[in-house]
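Listed in order, the protein sequences are those of chains A and B. Per the numbering used here, the first sequence starts with residue 1, numbered consecutively. Per the numbering used here, the second sequence starts with residue 1001, numbered consecutively.
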Amino acid sequence: MPAHDAPPAAAHEPARPWDVSVRARTALDAFEHLVGGIGTAILALIMLLWLVFTAAACLFGAGLFLVPGTLRALRAVAGRERVRLSRWGPEVIGPGPSPTGLRQAVADPATRREVGWVASHALLGTVLGLVGLTLPLTSATDAAFPLWWSFVPPSEATPSLGLWTVTDWPGAFAVSLLGIGWFAVTLAVAPGMARLQAWPGRRLLTPPPGTDLVTRVAELTATRAAALDAHATELRRIERALHDGTQNRLVAVTVLLGASRRAVSRGSADADALLERAQDAAEQALAELRAVVRGILPPVLADRSLTDALSGLAGSCPVPCRVDADVEGRFAASVEATAYFVVAEALTNVTRHSGARSASVTVRHRDGRLWLRVTDDGRGGADEHRGSGLAGIRKRVEALDGVLTLASPPGGPTTLEAGLPCGS
Amino acid sequence: MRIVIAEDDPLLREGLALLLRAEGLDVVATAGTPDAFLAAVDEHRPDLAIVDVRMPPTHTDEGIRAAVEARRRQPGLAVLVLSAYVEQAFATDLLADGSARLGYLLKERVGRVEEFLTALERVADGGTAIDPEVVAQLFARTRPDTRLDRLSPREREVLALMAEGLGNAAIAERLVVTDGAVHKHIRSIFAKLDLAPADGTDRRVAAVLRHLNDAHRRA
């Protein structure tokens, strides 16, 4: 690493190795990593047992059904470690989607390396993590030995490792010194242990040497093309709305104004009627412009979160409506705008057609999609082919490559569910 | 003058009909789709058709294609195309077979009723009406290495007005010069654009078309 972008000294390599505070901070970081490592190590341990079980089951044929789920779980567990490692070191880039069959999995180098990581991290990671947890506790109990040794039965008055039995005060203070020694050892070895614990992941969860990230690039290219495509569709929709709505209304305004001027110059009495029609047309133009603007990016989304915006929608809905949103952070503007549009249109339909007494909106972020569900207890029987509301919703959702399902049996209830890809 | 209007926006269609009827013109039919328009042309044999470029089903150039088809069915039908925006390709498609009895105007020109009516009459009488905006784009897009570059600024102004479909007298009036001066500019334009007098074609139209095509090829 070049000198000019070296991290602050405390991060990894203390510039003043004997400065205790710097040492302590480094050790504290390492301690945090070790404890975090225990989490993924336990996951890896469970995964290892499950892999063994699946492999054994495969010998009898029944395990083949478990393979796809197991592979997905393997990738998910490895993914957790990748995220953890990426937080405090160079980013660990994962492979694309997991293989689905046994044969592809065996042929897939990334999967083989993940299996290797599961085995090594399950054992090494757990042991290092537990030792890392025990060391500070040991040094603390030993350092405090003189405070508590006289209160325990003489046979149990031993240092943490039970090396010898203490019978007098000098011995007790010796144990205390031992505790301080343990503390020094902890400071000295913790960073190395954290690095060692992370080593299998950094080694095996990165793309194997020689892969040139071709699939990764292909995947990014595909998603990017899809995003651009959705963007173009969206622009076309806006252009059409502006052209067929607002622009035509404004042209009508100029035509009617021209006609009324002629009427005035002729001294005809039609002028007032023409002006009134011109005003109507101008008002329509404004209304359509508002609708277009709201459709591009609802102003409320510009300065508040999606959850807030949806709560606002629910609050202004004449049918009592509850919002249950369990999402954090922001999504792409197009996703938020579409989500807002879908809920707004769905609630309009609920109000106008369902006769419902209550409605609810559920928002979840799952499997890389933002899921929206709008339910009401009305009379049901909603039909996508009658009325433009539902067709408009489908168009917006599909422009983003999303999915839309509608269940509305006669007698209700009606449930509309939309899933919008949100790239994470 | 018997007129058929093809425009898919109802408000605009009715507004146009209202305006023209108030001016004492005979709007015999209005249509909202290309098919209805062609049926109306067949039925009423109008003198002039006013056609919107964007019409159902795809809202791209159905209007232009309907206008071309209407002129095939009824040669000599005067057509005034209205467009929400300037599209060079539409203008050249329309003018490919000569510019007599053709007009291409932006929709908002309709609001300037007097000028709109003048353009309407000019087209019905066998002339041409091209929107100043179309002409301006034509000049803006032309690259330095074309023949248009040989023209002086004044000659360009004259060509632009010719392209709009104005006659010599109208050009002289617009530029506040004498008829003789306009004549001199036009002769100079023809010479610079290599349009020989013995050609037999309408050199005014040829001059305009040459550069419509020029600009279109480059666009």
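For each residue, glycine too, the CB sits at the ideal point set by N, CA and C. In this text the structure is predicted, and so the values were computed from the model without any measurement.
*By DSSP, does TYR340(A) sit in helix, in strand, or in coil?*
The sequence position of residue 340(A) within the first sequence is 340, counting from 1. In the three-state reduction of the DSSP assignment, TYR340(A) falls in the helix class.
For GLU1155(B), go through chain A and note every residue whose CB falls closer than 8 Å to its CB, in chain order. Numbered from its first residue, the second sequence carries residue 1155(B) at position 155. For GLU1155(B), there are no neighbours in chain A by C-beta distance under 8 Å, as the nearest C-beta there is about 33 Å away.
Exercise for the section: Check each candidate in ILE1005(B), ASP1035(B), GLU1043(B) and PHE1037(B) and name the one with the smallest Cα separation from VAL1027(B). Expected result: Position 27 of the second sequence, counted from the first residue, corresponds to residue 1027(B). Considering only alpha carbons, the answer is ILE1005(B).
If you measure from the beta carbon of ASN478(A) to each beta carbon in chain B, is any gap under 9 Å?
Since the first residue of chain A shown is 1 and the last is 424, residue 478(A) is not available in this structure.
_So the candidates are ALA1022(B), LEU1161(B) and ILE1003(B); which of them puts its Cα closest to the Cα of VAL1113(B)?_
Against the second sequence, residue 1113(B) aligns to sequence position 113. Looking at the Cα atoms, ALA1022(B) is the closest of the given residues.
Alpha-carbon spacing of PRO7(A) relative to THR206(A), whole angstroms = Locating residue 7(A) in the first sequence gives position 7, where the first residue counts as 1. Locating residue 206(A) in the first sequence gives position 206, where the first residue counts as 1. Confidence at PRO7(A) is low in this model, with a pLDDT of 42, below 50, so the placement of that residue should be treated as unreliable; the coordinate-derived value is given next. Spanning the two alpha carbons is a distance of roughly 23 Å.
- Query: THR1090(B) CB to nearest chain A CB: under 9 Å?
  - Reply: If you number the second sequence from 1, residue 1090(B) lands on position 90. Note on identity: in this sequence residue 1090(B) is Phe, with Thr being the wrong assignment. No - not a single Cβ of chain A is within 9 Å of the one on PHE1090(B).
Review point. With 9 Å set as the bound, which would you pick, yes or no: does the beta-carbon of ARG394(A) sit closer than that to a beta-carbon of chain B?
Key: The residue you call residue 394(A) lines up with position 394 of the first sequence. It does not: the Cβ of ARG394(A) has no partner Cβ on chain B nearer than 9 Å.
### Query
Do ASP1047(B) and LEU1016(B) have their C-beta atoms closer together than 9 Å?
In the second sequence, residue 1047(B) corresponds to position 47, counting from 1. In the second sequence, residue 1016(B) corresponds to position 16, counting from 1. No, Cβ-Cβ distance for ASP1047(B) and LEU1016(B) is not below 9 Å.
Using three-state DSSP, classify THR1030(B) as helix, strand or coil. Here residue 1030(B) is taken as the residue at index 30 of the second sequence, counted from 1. DSSP places THR1030(B) within a strand segment (E or B) once states are collapsed to three.
> Which full runs of the beta strand (DSSP E) of 3+ residues lie inside the segment 83 to 112 of chain A, going along the chain?
Replying inline: Runs found: none.
Opposing strand residues paired with PRO421(A) [DSSP bridges]:
The residue given as residue 421(A) occupies position 421 in the first sequence. Paired residue(s): ARG369(A).
In this structure, how does DSSP classify GLY312(A) when only helix, strand and coil are distinguished? For this step, residue 312(A) is matched to residue 312 along the first sequence. Here GLY312(A) sits in helix by DSSP.
(message) Here's the rule: buried if 16 or more other CB atoms are within 10 angstroms of the residue's CB, otherwise exposed. What is LYS395(A)?
(response) Within the first sequence, numbered from 1, the residue matching residue 395(A) stands at position 395. So LYS395(A) ends up on the exposed side.
I want to verify the contact list: residues of chain A whose CB lies under 9 Å from the CB of ARG1122(B), in sequence order.
Translated into the one-based positions of the second sequence, residue 1122(B) becomes position 122. None at all; the shortest Cβ gap to chain A is about 18 Å.
### Query
Within the 9 Å Cβ cut-off, does ASP303(A) reach chain B?
Along the first sequence, read from residue 1 onward, the residue named residue 303(A) stands at position 303. Taking 9 Å as the CB threshold, ASP303(A) stays off the interface with chain B.
Min CB distance ARG72(A) to chain B below 9 Å
Taking the first residue of the first sequence as 1, we reach residue 72(A) at position 72. For ARG72(A), no CB of chain B lies under 9 Å from its own CB, so it is not counted at the interface with that chain.
Go to ASP280(A), then tell me how far its alpha helix (DSSP H) extends in each direction, as first and last residue.
Within the first sequence, numbered from 1, the residue matching residue 280(A) stands at position 280. Taken as a continuous stretch (DSSP letters only), the alpha helix (DSSP H) holding ASP280(A) covers 271 to 296.
Any idea what DSSP makes of ASP1145(B), helix, strand or coil? Along the second sequence, one-based indexing puts residue 1145(B) at 145. For ASP1145(B), the pLDDT reaches just 46, beneath the cut-off of 50, and the residue's location in the model is therefore unreliable, leaving the point undetermined.
CB of VAL363(A) within 9 Å of CB of ALA302(A), strictly: Reading the first sequence from its first residue, position 363 is the one you call residue 363(A). Reading the first sequence from its first residue, position 302 is the one you call residue 302(A). Contact flag unset, no.
- Message: Please report the straight-line C-alpha distance between VAL22(A) and PHE151(A), rounded to a whole angstrom.
- Response: The residue given as residue 22(A) occupies position 22 in the first sequence. The residue given as residue 151(A) occupies position 151 in the first sequence. Between the alpha carbons of VAL22(A) and PHE151(A) lies a gap of roughly 36 Å.
field: Between the CA atoms of GLU1062(B) and VAL300(A) - distance to the nearest angstrom
entry: The sequence position of residue 300(A) within the first sequence is 300, counting from 1. The sequence position of residue 1062(B) within the second sequence is 62, counting from 1. Straight through space, the alpha carbons of GLU1062(B) and VAL300(A) are spaced by roughly 39 Å.
Considering only the alpha carbon of each residue, which of SER1083(B), SER1188(B), MET1001(B) and ARG1109(B) lies closest to ARG1150(B)?
Position 150 of the second sequence, counting from 1, holds the residue named residue 1150(B). If we check each option's Cα against that of ARG1150(B), SER1188(B) comes out closest.
key: Distance between beta carbons of THR1128(B) and ALA1100(B), contact taken as under 8 Å   = What you label residue 1100(B) is simply residue 100 of the second sequence in a count that begins at 1. What you label residue 1128(B) is simply residue 128 of the second sequence in a count that begins at 1. So it is a contact: roughly 7 Å between Cβ atoms.
Report task. Using a threshold of 9 Å, state whether the C-beta atoms of SER354(A) and GLY380(A) are closer than that. Result -> Counting from 1 along the first sequence, the entry for residue 354(A) is found at position 354. Counting from 1 along the first sequence, the entry for residue 380(A) is found at position 380. Against a cut-off of 9 Å, the Cβ pair of GLY380(A) and SER354(A) comes out as a contact.
ask   = Under a Cβ-count criterion, where at least 16 other Cβ atoms within 10 Å of its own Cβ denotes burial, should GLN197(A) be classed as buried or exposed?
value = Numbered from its first residue, the first sequence carries residue 197(A) at position 197. Flag for GLN197(A) reads buried.
Going by Cα to Cα distance, which pick from ALA41(A), ARG249(A) and ARG240(A) is closest to LEU123(A)? For the purposes of this step, residue 123(A) is identified with residue 123 of the first sequence, where counting begins at 1. Here the closest residue by C-alpha is ALA41(A).
ask   = Does DSSP classify SER1083(B) as helix, strand or coil?
value = Here the question's residue 1083(B) lines up with position 83 in the second sequence. The answer is strand: DSSP assigns SER1083(B) an E or B state.
Exercise for the section: Run down chain A in chain order and give the residues with a C-beta less than 7 Å from the C-beta of ARG994(B). Expected result: Lying before the first or after the last residue shown, residue 994(B) is absent from chain B, which here runs from 1001 to 1219.
Three or more C-beta pairs closer than 8 Å, one from the segment 1176 to 1183 of chain B and one from the segment 1122 to 1137 of chain B: is that the case here? Using a Cβ-Cβ distance cut-off of 8 Å, the segment 1176 to 1183 of chain B and the segment 1122 to 1137 of chain B are not in contact, since fewer than three pairs of beta carbons, one from each stretch, lie closer than that value.
At a CB distance below 8 Å, what residues from the segment 270 to 303 of chain A approach chain B? Give them in sequence order.
Close to chain B, meaning a Cβ-Cβ distance shorter than 8 Å, are the following residues of the segment 270 to 303 of chain A: ASP270, LEU274, ARG277, ALA281 and GLN284.
Output, in chain order, the set of chain A residues within a Cβ distance shorter than 7 Å of LEU1018(B). Counting from 1 along the second sequence, the entry for residue 1018(B) is found at position 18. Result: ALA259.
_Contact list for ALA263(A) against chain B, beta-carbon separation under 7 Å_ = For this step, residue 263(A) is matched to residue 263 along the first sequence. Those are ALA1022, listed as they occur along chain B.
By the criterion of Cβ-Cβ separation under 7 Å, what are the contact partners of GLU1108(B) in chain A?
Against the second sequence, residue 1108(B) aligns to sequence position 108. Proximity of chain A to GLU1108(B) at the Cβ level (cut-off 7 Å) is accounted for by VAL251 and THR254, in chain order.
_Suppose the cutoff is 6 Å on Cβ atoms and the five residues either side in sequence are ignored; what does the same chain contact list for GLY37(A) look like?_
Taking the first sequence and counting its residues from 1, the one referred to as residue 37(A) is at position 37. Contacts found: GLY125, GLY129 and GLN197.
Review point. Which two residues bound the contiguous alpha helix (DSSP H) that contains ARG1002(B)?
Key: Within the second sequence, numbered from 1, the residue matching residue 1002(B) stands at position 2. From DSSP, ARG1002(B) is part of no alpha helix (DSSP H) but of the beta strand (DSSP E) over 1002 to 1006.
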